[in-house]
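Everything below concerns the one structure shown next.
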Amino acid sequence: MVGRIPVIDVMPLVDNGRLPAKATVGEPFPVSATVFREGHDLLGAEVVLIAPDGSRRPPVRLQPQPVLDRHTVDRYAAWVTPDLPGAWQFEIHAWSDPIGTWQHDAGIKIRAGVDVELMFTEGRLLFERVLAGLGKRTTPEHKILKGAIDAAQDTTRPVEARLAQLEAPELGAVLAAHPLRELVTVEGPYPAYADRERALFSSWYEFFPRSEGSYREPKTGKVVSGTLATAAKRLDAVAAMGFDVIYLPPIHPIGEINRKGPNNTLTPGPDDPGSPWAIGSRHGGHDAVHPDLGTLEDFDAFVAHAKTVGLEVALDLALQCAPDHPWVEAHPEWFTTRADGTIAYAENPPKKYQDIYPLNFDNDPEGLSREVLRVVRHWMAHGVRIFRVDNPHTKPVAFWQWLLAQVRATDPDVLFLSEAFTKPPMLQTLGSIGFHQSYTYFTWRTAKDEVAEYLTEVATESAHRIRPNFFVNTPDILHEFLQYGGPAAFKIRAVLAATGSPSWGVYSGFELFEHVAVKPGSEEYLDSEKYQVRVRDWEAAEAEGRSLAPYLTKLNELRRSHPALQLLRNLVVHPTDDDGILCFSKVATPTADGDADRVIVVINLDPHATRDTMVHLDLSALGLDPGATFPVHDEISGESWHWGADNYVRLDPHVEVAHVLTVGPVS
1 MVGRIPVIDV
11 MPLVDNGRLP
21 AKATVGEPFP
31 VSATVFREGH
41 DLLGAEVVLI
51 APDGSRRPPV
61 RLQPQPVLDR
71 HTVDRYAAWV
81 TPDLPGAWQF
91 EIHAWSDPIG
101 TWQHDAGIKI
111 RAGVDVELMF
121 TEGRLLFERV
131 LAGLGKRTTP
141 EHKILKGAID
151 AAQDTTRPVE
161 ARLAQLEAPE
171 LGAVLAAHPL
181 RELVTVEGPY
191 PAYADRERAL
201 FSSWYEFFPR
211 SEGSYREPKT
221 GKVVSGTLAT
231 AAKRLDAVAA
241 MGFDVIYLPP
251 IHPIGEINRK
261 GPNNTLTPGP
271 DDPGSPWAIG
281 SRHGGHDAVH
291 PDLGTLEDFD
301 AFVAHAKTVG
311 LEVALDLALQ
321 CAPDHPWVEA
331 HPEWFTTRAD
341 GTIAYAENPP
351 KKYQDIYPLN
361 FDNDPEGLSR
371 EVLRVVRHWM
381 AHGVRIFRVD
391 NPHTKPVAFW
401 QWLLAQVRAT
411 DPDVLFLSEA
421 FTKPPMLQTL
431 GSIGFHQSYT
441 YFTWRTAKDE
451 VAEYLTEVAT
461 ESAHRIRPNF
471 FVNTPDILHE
481 FLQYGGPAAF
491 KIRAVLAATG
501 SPSWGVYSGF
511 ELFEHVAVKP
521 GSEEYLDSEK
531 YQVRVRDWEA
541 AEAEGRSLAP
551 YLTKLNELRR
561 SHPALQLLRN
571 LVVHPTDDDG
581 ILCFSKVATP
591 TADGDADRVI
601 VVINLDPHAT
611 RDTMVHLDLS
621 ALGLDPGATF
631 PVHDEISGES
641 WHWGADNYVR
651 LDPHVEVAHV
661 LTVGPVS
């Protein structure tokens, strides 16, 4: 039912408020609504945050928004910030504002000589109501209100002087702090869930443990697999680059039946290791460690060492099985049997995955769901607090909602990243029902307009449903931009991901500019690490200057030192005159003892040619006054300039692809 003061189109709402909107501890998020009433009297509105323990935070006044189109008429908004993890709620309170109405009418009528003394009398009565609500203890606010009451009824003073006192800023501040509210309407509460900060801000690095520490025997040429123990030695270098999450593809036993060979061939040799996503063999299933990698104790040691260098371990949760997985024999009902009696293997026509059986959640949903939860809790007990979920869009959404709720009920710090490269409704729904982060379409957005549109979408339109994680590459995705763009292309994508999203990810080998596809038109790597061990010489590459690691380190340093880059909803795209140069900014609001943190990013999206343009900054989006000028420092090159609203930029991708500018004191 509509309230006395109608409040409609409240945001953020997910599924009409049946699911919580996404929030993060310390992250401001916008609350907005359309608020209106009959007639011409003014109204007020505010948002009240309700903490997980039921306590209420001080209300925040909703401010009228600029009218840009029919959807923004009577729109009000404010930003609020959860300060604890857990299930929050928010309410919107709207009311008739007699003081605001009087202030508006009195300023017009009294100056026009209409109902002058009647307006002063009505004002006096309102001030007396406010005064009565202040209590008996005398304060400066009492004196200001009493002075206003005296001015309103003092007919011996000039009208202009009386009105000036009633319009004084100090009185306005008292009236704003103690509003009179009539016809109060409360809408809500509406749910929002605040996760820990890592859910929003994270830098991921992916490597295959079997490749880390691997080597080729000099005499035979045979590649010897790395282990969890040798992979642990690589963690220091990953941490030194500023990453805080180390993501491991499946570490479980790999199936031997229908095992894939190099480049996804069906003719493996006796020493070919197979795909880690073909999970399960005579050595065990989803709760086991591949014997080539070591033991469960080795995994515990890996997790412990990661923790000592500041890394959280994210483990792949791939709900699929090799034909020789123990579940196939013990629970054939968990799979799909075809008309000829065979179990269906995975397909994504024209691709076929003969080494993988998909799970079927419809034959025994309760039994299969309980087993998956057991597996998840098994790895949680061994220190895993982040899971990267493989292809969640191929399993029922209802199952994920149940699983994530079960984990959140006991371990709300455990995070899940959705690898759902699929249609928007599924991607958005998976985020809505509990996935903390989501892979996105970022990899395929390369032109200026589509990048700008997508950055705006994830920062504003979908932020209440999904948190993006911008991976620059994955073992499955080597975009043609990287295949043909040279080293500049790698820098462009790294800057875009690291500054455009608070969470981003890099798959091992990106820093070595690995860019050769298995064939033209494919996004698969040649000699893909999914099917074979890759031997890399990290030290030689860095010594010879063939590594992007120092650049990635710099980007992660900037992310850690600038709060503006740790937020999602604060991105604003600014116009440029060249279709190859993109500009956007991010601002973090001032702290109690400091200035706002402002970062301006200007990127040449053309890896082949020098581009120059004028950049036109929306100073209001930066929290700056019209006409302001200010120093900017390029954190990449070390240069400094003085900027204003319109600025010339020239970027040669063979020298530097981007300016990442921090804003100094404003003059």
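Counted the way the UniProt record's numbering counts, the sequence shown spans residues 1 to 667. Don't be surprised by glycine CBs; every beta carbon is placed ideally from N, CA and C.
Shown here, Tyr441 sits in coil according to DSSP, grouped into three states, outside any helix or strand. Judged by DSSP secondary structure, Leu617 falls outside any alpha helix (DSSP H); it is assigned neither H nor E. Between Ala77 and the set Ser640, Pro12, Val572, the nearest pair of CA atoms involves Pro12. DSSP lists Thr474 as the beta-bridge partner residues of Ile477.
By the neighbour-count criterion, in which a residue is buried when 16 or more other Cβ atoms sit within 10 angstroms of its Cβ, Thr155 is exposed.
Along the length of the region 24-72, whole beta strand (DSSP E) runs at least 3 residues long occupy 29-35, 43-50, reported in chain order.
Contact annotation: Phe207 and Asn556 have beta-carbon atoms that are not nearer than 8 Å.
In this structure, DSSP gives Gly188 an extended state, which the three-state scheme calls strand. Bridge partners of Ile254 according to DSSP: Ile279. The bridge partners DSSP lists for Thr662 are Val599, His633.
The straight-line gap separating the alpha-carbon atoms of Arg282 and Phe421 is approximately 32 Å. Residue pairing from DSSP places Ala77 in a beta bridge opposite Ser32, Gln63. Taking all protein chains shown into account, Ile8 has fewer than 16 neighbouring C-beta atoms within 10 Å of its C-beta and is therefore exposed. The three-state reading of DSSP puts Thr295 in coil, since its state is none of H, G, I, E or B. Rounded to whole angstroms, the separation of the alpha carbons of Val67 and Leu619 is 19 Å.
Leaving aside the five residues that flank Phe361 on each side, the residues in its chain whose CB is nearer than 7 Å to its CB run, in chain order, Leu368, Lys395, Pro396, Phe399. Taking the Cβ atoms as the reference, Pro323 lies roughly 4 Å from Ile257, within the contact range of under 8 Å. Within the same chain, Cβ atoms closer than 8 Å to the Cβ of His642 are found at Thr629, Phe630, Pro631, Val632, the five residues on either side in sequence being excluded. Under the DSSP assignment, Leu427 falls in the alpha helix (DSSP H) whose first and last residues are 424-432.
For Ala452, same chain residues with a beta-carbon under 7 Å away, outside a window of 5 residues either side, are Val573, Leu582 in chain order. If you ignore the 5 residues before and after Phe490, its C-beta comes within less than 7 Å of the C-beta of Leu482, Phe510, Phe513, Leu548, all in its own chain and listed in chain order. The DSSP-derived three-state label of Pro169 is helix. Following the DSSP letters along the chain, one finds Met11 inside the beta strand (DSSP E) bounded by residues 7-11. A direct Cα-Cα distance of roughly 11 Å separates Glu167 from Leu175. Contact between the region 562-572 and the region 446-466 is present, with at least three C-beta pairs closer than 8 Å. Note on geometry: alpha-carbon atoms of Leu163 and Arg129 lie some 19 Å from one another.
Pairwise C-beta distances place the region 337-344 out of contact with the region 402-414, as fewer than three of them are shorter than 8 Å. For Arg196, there is no enclosing alpha helix (DSSP H), as DSSP gives it neither H nor E.
The continuous stretches of beta strand (DSSP E) do not include Ile466, and DSSP gives it neither H nor E. Thr81 places its beta carbon 8 Å or farther from that of Pro20. When DSSP states are grouped into helix, strand and coil, Asn16 belongs to the helix group. Distance from the Cα of Ala148 is smallest, within the candidate group Ala231, Gly172, Arg137, for Gly172. Taking the C-beta atoms as reference points, His286 is found nearer than 8 Å to Val375.
With fewer than 16 neighbouring CB atoms inside 10 Å of its own CB, Lys233 falls in the exposed class. Using a Cβ distance threshold of 8 Å, His393 and Phe416 do not count as a contacting pair. By the neighbour-count criterion, in which 16 or more other beta carbons inside 10 Å mark a residue as buried, Gln63 falls on the exposed side.
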